[in-house]
Each structure stands twice: as structure tokens, then as C-alpha cells.
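Q: Here you go, one structure.
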Amino acid sequence: MFESITQGLTGALDALRGQTKLTEKNIADSLGQVRQALLEADVAYDVAKSFTDRVTENAIGRKVLNSINPGQQLVGVVYEELIHLMGPVDHSLHLAGKDEVTVIMLCGLQGSGKTTTCGKLSRILMNSGRRPMMVAADLQRPAAIEQLKTLGGQLDVPVHFEDPQGNSAVNVCRNGLKAAKAAGNIDTLILDTAGRLHIDDDLMKELEQIDNRLHPKQVLFVCDAMTGQDAVNSAKAFNEALELDGVILTKLDGDARGGAALSVKHVTGVPIKYVGVGEQLDKLQEFHPDRMAERILGMGDMRSLVEEAQAKFDQEEMEAAEEKMREGKFTLDTFLSTMKQMKKLGPMGEVMKMIPGMGGAVEAMGDMNPDDDMKQIEGIIQSMTPHERSNPDVIDISRRRRIAKGSGVDPADVNKLLKDFGGMQGMMSKMAGMSIRERMRAVKE
Ligand code: GDP
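Residues 1 to 445 (UniProt numbering) make up the sequence shown, in order.
Structural data, given as C-alpha cells:
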């Protein structure tokens, strides 16, 4: 995702090295390349053009501050404009109090990920203390009802469904609302409405009827990032019929080029509220234009990762590790517990690369593969005495042999771990006490 834009921008900005000021002429070439990169990422032409026009307008004549070069300055303008292009976003779902049932309607074309997103959204709502119910009102796709029932079973969320024979989607939704009210403990109703392969009048009529009868607090359009500009065009058509409150862009984890994420707000006026980043139920995140802009500009996706981490990490253990790092005491024990926690997020190398500053640590780890070697590393560290773990310098040849024997590896493996760890420890103590931005700078140096 976004690699082509990131590369295009980096190349474009490199061209400004050695200039003292941003002028229309010297940025024209760079922005031509930026526009090209946007178009290649499947950003709509009008969006790419107005984006580079705005960047030009805002960049020209800006005095180059002593501390930053024109390239960096242009990155700053591009960053601000990317945020402007995708935002602002009101993340609130405008849920009413728990004594009434708030209706949220999801709509979108078939295959966009609507049913899956119903489940993901229910999970988010449950985690924030709400009691959702889902309504299987997609009577078009035969498997949708069963799929929603399965998701409901996994999440322990009730699902209202009816035999599609002779039923209308509007009635199913109305009965769903009645069932939610009758249940007494339900405060949010999520409607999984019908999709079609293409937009057609019958579909729009059906959705309008549901909208008019159920008065959802939020109408959210689910679309597939992989379909690029088609996703944006369908969002536009749905918005004209239904007045959307937000867009949920799915499959952002795939090899979509990212154009839809950049174009939706500009073309429809409707912001992206959530993004789907995987098939699993925990893979729905709030969309933050600033984070996305940082990611596009190759600055990592730190905050989303931190949020995910907070949900999965053992807080006490992480805080203890962080405290030690801050004090410059990065020991083998800290290393092991941090690795164990991070492993919960996914493949280690990938996770670390996403953290600004940790990309450098991945390099410092040499050809050590954190996932494959994890078990071995754990075994080696556990064969050390607590004293050795805190003071690896005391590990001489005989200790090394003993540790190797204890963990069933070669003494050379122990040596390699100590060497890799030494590199990381140096990096960590250098970073102790630095802010994220300072860390990023330290790694780039
Ligand atoms: P619907 O027809 O709109 O209800 O679509 P589904 O919910 O059945 O989703 C279609 C396919 O997309 C399924 O295989 C989902 O697992 C998959 N899917 C949905 N959201 C995401 C996502 O964010 N990332 C990925 N990789 N797949 C997704």
C-alpha cells in the first residue's frame, strides 16, 4: 500500500536538495512527479490536480527556515495538504443513550465487506460498553444471513434474521428494531443491508425505504479499497441517494494502491470513518488522516500500532520494560519480554518496521529473524543466570558453553545473540529519553 506514492514523493523531494528557497519553478518538476505518483496510485485526476495546485500555492514563497531544507519544507506542506485532503473526520457514531436503540445502517455493493464489517463494528461497540444486535437484511446474497449468524455466534451478539421467502428487507429491519426493543438490554442495532454487483434502482429504492422507516443515526457506506476509483464513484452515487455519514474503506491491507483513501473525501464530501485492515474481526480501525499522511510519507504508523498494542499487551510488563529502556537499562530480560509482547501483534520484523525508530533496530539485529529465532533466543536467554541476563559482559567462553549446552544450541549461536543484542542495546541507550521524533532522526542519521 502506498509504496508508489511514498517512492514518488521521496524522489520528487530529493530533487530539491541544494536549493535555498521554494519557487514555482523549482517545485514544478517535483510536484509534476508527485502528481504522477498520485495518478499511478489510482487517485482521481481532479483530486491529484487540485492537490498539487494547493501544495504549490502554499509552498511558494515560504521562507526556508534555517533548520530545514526546501525538500523537508515541501514535505511539511504535502503532509498538511494530505491531512486536509482526507479530513476532517468526525469519528463519533452519535450513539444515543443506552435506554434507547440507536440504529446504524451499513450499505455497499456486494463483496465490499459489509457483512464482515457489521461483525467488526459490533466488536468495537461491545468493547466500548454497548450492547449491539445485528440485523440480517441482505436478502440478495443467499449466504449473507448464515454468515452474519456465524459472526454473531463468534461475538456473542444476537442476530435478527427472517426467512427471505416473501419478506422485504424493510420489514426485516423493522422487525429487527422491534426485537431489539423487546429484548430490553440492546442499545445499538446494526443493519446489514443488501448489496448488488452494480448500483441499480431497485437497490437504491430499498435502501431509501429502510432509511425513511428506520431513521438510522448513521448511514455508513462500505467500499473496497482494491476497486480504486470505482469505490469512489459508487460512494458518490450512494451519497446522492442516502446522504451518507461516513465511509468504511475495507481491504486496505491488500495490495490496493491507496487512491480510494485519498480521493473519497474530496469527491464525495464524506469522510472515511473506519478502515478495514484484514479479514479478522479485530481488523477495523478508526481512520485518522494525520496517521495516514504520516504513513504515506514513510513516517511509520506509530499511533495505530500503539493503540493496537495497548489492547493486546500486558500493560504492567510493558511499562516495566519501558521504564528500564528510559533508564538506559535495556537488558536481555527486557529484550525477551518486549519481544514476547510484540509477537502478539503479528510478524515481528513487520511490526518493528512500522515503529519509527525501530526500523533501525531491525537493521541492528542483522540477519537475525525475530520470528524464526524467537524460540531459540528464548531458550538461550532462559539458560542464563539472572546475573548474566543483566550483565552479559560476564559471559566468557566457559559460561557460553554452559548456556549453549543448556539450550541445545551451538556456542556460536550464543555469541551471535550477544553480538546482535549488543547492537540493539547501543541503539536503545542512545534513544533513552528521546521523543519519537528525535528517535526517528537518530535512526536516519
Ligand atoms: P459483503 O458481500 O459486502 O457482505 O462482503 P463480505 O463481508 O462477505 O466480504 C467479502 C470478502 O472480503 C470476505 O472474504 C471478507 O473476509 C473479505 N474482507 C472484508 N473486509 C476485509 C478487509 O478489511 N481486509 C481483507 N483482506 N479482506 C476483507
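Note that beta-carbon positions come from the ideal geometry of N, C-alpha and C, so glycine has one too.
Regarding GLU388 and ligand 1, is the C-beta to nearest heavy atom distance less than 7 Å?
A: On the sequence shown, position 388 is the one that residue 388 refers to. It does not: the Cβ of GLU388 is nowhere closer than 7 Å to a heavy atom of ligand 1.
Q: Considering MET133, what are the terminal residues of the beta strand (DSSP E) in which it resides?
A: As a first step, residue 133 must be located in the sequence shown, where it is residue number 133. Here the beta strand (DSSP E) through MET133 covers 132-137.
Q: Go ahead and pull the three-state DSSP assignment for MET126.
A: Translated into the one-based positions of the sequence shown, residue 126 becomes position 126. DSSP places MET126 in helix when its eight states are reduced to three.
Q: Taking all protein chains shown into account, decide if PRO271 is buried (16 or more other Cβ within 10 angstroms of its Cβ) or exposed.
A: Numbered from its first residue, the sequence shown carries residue 271 at position 271. The residue is buried, with at least 16 neighbouring Cβ atoms inside 10 Å.
Q: Tell me, to the nearest whole angstrom, how far the beta carbon of ALA180 is from that of VAL55; I am working on the premise that it is less than 8 Å.
A: Counting from 1 along the sequence shown, the entry for residue 180 is found at position 180. Counting from 1 along the sequence shown, the entry for residue 55 is found at position 55. The beta-carbon separation of ALA180 and VAL55, rounded to 48 Å, does not stay under the 8 Å limit for a contact.
Q: Using a threshold of 7 Å, is the CB atom of THR115 nearer than that to any non-hydrogen atom of ligand 1?
A: Mapped onto the sequence shown, residue 115 falls at position 115. Yes - ligand 1 has a heavy atom lying nearer than 7 Å to the Cβ of THR115.
Q: Using DSSP bridges, identify the partner residues of TYR274.
A: Residue 274 sits at position 274 when you count from the first residue of the sequence shown. DSSP, once it has assigned bridges, lists ILE248, GLU286 as partnering TYR274.
Q: By the 10 Å Cβ neighbour count, where 16 or more other Cβ atoms means buried, how is ASN391 classified, buried or exposed?
A: By one-based count along the sequence shown, residue 391 stands at place 391. With a 10 Å radius around the Cβ and a threshold of 16 neighbouring Cβ atoms, ASN391 comes out exposed.
Q: I need the DSSP call for ILE145, collapsed to helix, strand or coil.
A: Counting from 1 along the sequence shown, the entry for residue 145 is found at position 145. Under the three-state reduction of DSSP output, ILE145 falls in the helix class.
Q: What three-state label does DSSP hand ASP192 in the structure shown?
A: Within the sequence shown, the letter at position 192 stands for residue 192. ASP192 falls in the strand class under three-state DSSP.
Q: If we count Cβ pairs, one from each stretch, closer than 8 Å, do we get three or more for the segment 116-130 versus the segment 195-202?
A: no
Q: ILE377: buried (16+ other C-beta within 10 angstroms of its C-beta) or exposed?
A: If you number the sequence shown from 1, residue 377 lands on position 377. Classification of ILE377: buried, given that the 10 Å Cβ count is 16 or more.
Q: Which two residues bound the contiguous alpha helix (DSSP H) that contains PHE51?
A: Taking the sequence shown and counting its residues from 1, one reaches residue 51 at position 51. Unbroken alpha helix (DSSP H) run through PHE51: 45-59.
Q: Answer yes or no: the CB of ARG141 versus the heavy atoms of ligand 1, is any distance below 7 Å?
A: Here residue 141 corresponds to residue number 141 of the sequence shown, with the count starting at 1. Yes; taking the cut-off as 7 Å, the Cβ of ARG141 has a heavy atom of ligand 1 nearer than that.
Q: So, at 6 Å on beta carbons, what are the nonlocal neighbours of LEU220 in its own chain, with the 5 sequence-adjacent residues on each side left out?
A: If you number the sequence shown from 1, residue 220 lands on position 220. LEU106, GLY246, ILE248.
Q: With a threshold of 7 Å on Cβ separation, who are the neighbours of ILE381 within its own chain once the five nearest residues in sequence on each side are excluded?
A: Along the sequence shown, read from residue 1 onward, the residue named residue 381 stands at position 381. So the qualifying residues of the chain are LEU332, LEU336, ARG389.
Q: Check whether the Cβ of GLN147 lies closer than 7 Å to any heavy atom of ligand 3, and answer yes or no.
A: In terms of ligand content, the structure shown lacks ligand 3 and carries ligand 1 instead.
Q: Is the beta carbon of THR115 closer than 8 Å to that of GLN73?
A: Here residue 73 refers to the residue found at position 73 when the sequence shown is read from its first residue. Here residue 115 refers to the residue found at position 115 when the sequence shown is read from its first residue. No, the pair does not count as a contact, with Cβ atoms beyond the cut-off.
Q: In three-state terms, what does DSSP make of LEU418?
A: Along the sequence shown, read from residue 1 onward, the residue named residue 418 stands at position 418. Helix, per DSSP.
Q: Rounded to whole angstroms, what is the Cα-Cα separation between GLY169 and ILE210?
A: Locating residue 169 in the sequence shown gives position 169, where the first residue counts as 1. Locating residue 210 in the sequence shown gives position 210, where the first residue counts as 1. Residue identity differs from the one stated: residue 169 is Ala in this sequence, not Gly. Taking the straight line joining both Cα atoms gives about 8 Å.
Q: Could you check what DSSP says for THR331 in three-state terms: helix, strand or coil?
A: In the sequence shown, counting from the first residue as 1, residue 331 sits at position 331. In the structure shown, THR331 sits in coil (DSSP, three-state: anything other than H, G, I, E or B).
Q: What residue from GLY113, PRO132, GLY152 has the CA that sits closest to ARG141's CA?
A: Mapped onto the sequence shown, residue 141 falls at position 141. Cα-wise, what sits closest to ARG141 is GLY113.
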